[in-house]
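The opening residue of the sequence shown carries number 140 in this note's numbering; numbering runs sequentially from there. Quick notes on the structure that follows.
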Amino acid sequence: METINVHDAKTHLSRLLARVEAGETLSIGRGGKHVAYLTRDISYATPAEVDLRFGFMRGHGTPAPEDFDTMHAEEIRDLFEGTST
140 METINVHDAK THLSRLLARV EAGETLSIGR GGKHVAYLTR DISYATPAEV
190 DLRFGFMRGH GTPAPEDFDT MHAEEIRDLF EGTST
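Below, the structure is given as structure tokens:
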């Protein structure tokens with residue numbers, strides 16, 4: 140990852156933003172030390188890009204059981220309440 144000093148970041152902000160929009164993540168540094176990352180805001184992603192990230196494993200592996208959210212609920216409650224045997 141490229142590190143850009145603060146002066147260059149201020150001078151070339153538009154160019155740096157274009158690079159970030161293209162998918163790069165840049166590091167901004169001051170005095171040779173990393174200060175911040177300049178990275179793309181996920182809320183600006185297109186629906187096609189979001190589809191690539193979320194659900195990429197759909198159709199692979201074993202699906203979770205229908206009762207996954209309530210599975211072993213009584214055992215878990217007993218453990219929290221200290222009433223398990």
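C-beta: ideal position from N, C-alpha, C; glycine also.
*Decide if residue 157 is buried, meaning its Cβ has at least 16 other Cβ atoms within 10 Å, or exposed.*
On the sequence shown, residue 157 is found 18 positions in, with the first residue counted as 1. Residue 157 should be labelled exposed.
*Per DSSP, what kind of secondary structure is residue 169 in: helix, strand or coil?*
By one-based count along the sequence shown, residue 169 stands at place 30. Reduced to three states, the DSSP call for residue 169 is strand.
_Residue from 153, 151, 142, 163 with nearest C-alpha to residue 169_ = Here residue 169 is taken as the residue at index 30 of the sequence shown, counted from 1. Here the closest residue by C-alpha is 142.
*Go through its chain and collect everything with a Cβ distance to residue 164's Cβ below 8 angstroms, but skip five positions before and after it.*
As a working note, residue 164 is residue 25 in the sequence shown. The residues are 140, 176, 177, 178, 179.
*Would you identify the three-state DSSP class for residue 161, choosing helix, strand or coil?*
What you label residue 161 is simply residue 22 of the sequence shown in a count that begins at 1. The answer is coil: DSSP assigns residue 161 none of H, G, I, E or B.
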